[in-house]
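Here is the structure we will look at, set down as structure tokens.
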Amino acid sequence: MRDHSNCDMPHNLASWEQLLSRRFVPGHTSLTCPGPGGHIGQEVFAGALSMTPLTLQPQIITHSAQHLSALSADVRDTVLSHIVIEGEGVIEQKGATLRFRAGDLSFRNLQQPSRIVFETPARLIAVRMPRGALLWHQARSDRRQLLRPRVVASYGLHTLLPASDQGSVSSLYAGFALPWLFAAAYYSIERDAEPAKPPNATRWQQVLSYVETHLFDASALSPADCARAVGISERYLYRLASLRGITFSRLVKHRRLETARALLEHPASRHVSIASVAYQCGFTEPAHFSRAYRQHFGQSPRQSRKSSTATR
Numbered sequence: 001m002r003d004h005s006n007c008d009m010p011h012n013l014a015s016w017e018q019l020l021s022r023r024f025v026p027g028h029t030s031l032t033c034p035g036p037g038g039h040i041g042q043e044v045f046a047g048a049l050s051m052t053p054l055t056l057q058p059q060i061i062t063h064s065a066q067h068l069s070a071l072s073a074d075v076r077d078t079v080l081s082h083i084v085i086e087g088e089g090v091i092e093q094k095g096a097t098l099r100f101r102a103g104d105l106s107f108r109n110l111q112q113p114s115r116i117v118f119e120t121p122a123r124l125i126a127v128r129m130p131r132g133a134l135l136w137h138q139a140r141s142d143r144r145q146l147l148r149p150r151v152v153a154s155y156g157l158h159t160l161l162p163a164s165d166q167g168s169v170s171s172l173y174a175g176f177a178l179p180w181l182f183a184a185a186y187y188s189i190e191r192d193a194e195p196a197k198p199p200n201a202t203r204w205q206q207v208l209s210y211v212e213t214h215l216f217d218a219s220a221l222s223p224a225d226c227a228r229a230v231g232i233s234e235r236y237l238y239r240l241a242s243l244r245g246i247t248f249s250r251l252v253k254h255r256r257l258e259t260a261r262a263l264l265e266h267p268a269s270r271h272v273s274i275a276s277v278a279y280q281c282g283f284t285e286p287a288h289f290s291r292a293y294r295q296h297f298g299q300s301p302r303q304s305r306k307s308s309t310a311t312r
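Position 169 (the sequence shown) corresponds to 169 in full-length UniProt numbering; numbering is contiguous.
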């Protein structure tokens with residue numbers, strides 16, 4: 001675990017700008033009042049998400065195309081989100097100007113220039129996550145699209161974030177659940193803006209909940225079992241998935257592989273064998289699990305665990 005909490009409150013603008021660039025994304029910062037720019041707390045990880053608490057004085061942070069061009073492809077393929085606990089301001093990206101205030105959750109991509117204006121002192125949690133965490137439900141061909149900037153209600157999401165003990169069981173399970181919660185918040189604006197759509201969103205959410213609840217049970221995740229539990233026909237289950245550009249089997253496989261990676265990379269399960277992880281995540285054959293894992297992530301389960309251990 002990386003702990004930066006003892007030294008991350010510089011007292012001049014240049015040092016503050018350098019710190020923000022080093023900890024988050026390169027950019028230009030201008031303060032709108034004298035004094036320190038703010039304070040950055042300890043970074044905490046939950047699966048593929050990283051979370052960092054910040055307190056900020058009124059300021060403007062700009063990420064230009066030149067700043068973003070210095071980032072690696074992997075970093076540019078992430079999304080920045082702010083859970084706003086106190087304060088208000090504006091986010092500008094892709095021609096959109098979006099106001100935020102306490103209780104909001106903002107999203108910005110790192111593939112397009114952006115600017116964020118903190119009009120008042122603010123307290124927030126900065127979250128960085130893979131873009132795929134918000135697009136996994138879409139067809140593979142659609143995942144190349146840029147995520148639009150958004151500001152939505154956070155629904156008290158910050159109260160569910162894990163504490164600094166990244167080896168705890170609670171942080172392990174938070175790593176499974178949080179990407180779904182962020183995705184649900186991101187797409188909630190579409191639900192509110194388009195009430196005339198066919199009323200199948202509730203059924204689909206029930207399908208997702210069933211999959212998540214029975215993810216570790218290989219015998220309970222057949223299409224027939226899911227359809228029966230949700231109260232729909234198998235044919236309608238397939239249609240719900242098809243409308244979202246996926247299949248039921250791909251949904252299940254994706255979630256099991258993502259969960260397996262979180263288990264393999266989490267300190268609390270580092271002594272669990274790879275075969276046990278495979279069985280726990282619903283795979284009946286370790287060899288099949290290893291092939292599917294390599295195809296999905298581009299590396300073997302053993303390599304994934306080893307690289308995660310090396311970076312901690």
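For each residue, glycine too, the CB sits at the ideal point set by N, CA and C.
Note that the structure is a prediction, hence the values are computed from the model and not measured.
Residues bridged to residue i [DSSP beta-bridge criterion]
i	result
residue 89	100, 118
residue 126	52, 82
residue 38	56
residue 284	Its beta-bridge partners do not exist; DSSP assigns none.
Per-residue DSSP class, three states only, for residue i
i	result
residue 150	strand
residue 252	helix
residue 48	coil
residue 302	helix
residue 271	coil
residue 110	coil
residue 68	helix
residue 197	Only weak support exists for where residue 197 lies, its pLDDT of 46 falling under 50; the coordinates are left without a value.
residue 243	helix
residue 390	Any property of residue 390 remains undetermined from this structure, which presents the chain solely from 1 to 312.
residue 6	Caution applies to residue 6, whose pLDDT of 42 falls short of 50 and renders its modelled position unreliable; the value that the coordinates give is listed next. Coil at residue 6, not helix or strand.
residue 105	strand
residue 63	strand
residue 276	helix
residue 135	coil
residue 214	coil
residue 43	coil
residue 233	coil
Beta-carbon proximity check, residue i vs residue j, cutoff 8 Å
i	j	result
residue 34	residue 118	no
residue 88	residue 120	yes
residue 53	residue 108	no
residue 20	residue 61	yes
residue 248	residue 236	no
residue 110	residue 71	yes
residue 208	residue 252	no
residue 55	residue 27	no
residue 274	residue 228	no
residue 211	residue 255	yes
Nearest-angstrom beta carbon gap, residue j and residue i [assumed within contact, 8 Å]
i	j	result
residue 284	residue 218	6 Å
residue 80	residue 133	Wrong, their Cβ atoms sit about 13 Å apart, outside the cutoff.
residue 290	residue 300	6 Å
residue 47	residue 178	7 Å
residue 83	residue 181	That pair is no contact at about 11 Å.
residue 152	residue 188	6 Å
residue 154	residue 103	6 Å
Range of the contiguous beta strand (DSSP E) that encloses residue i
i	result
residue 31	28-31
Start-to-end residues for the alpha helix (DSSP H) that takes in residue i
i	result
residue 17	13-23
residue 218	It is not in any alpha helix (DSSP H) - residue 218 carries neither H nor E in the DSSP assignment.
residue 73	73-76
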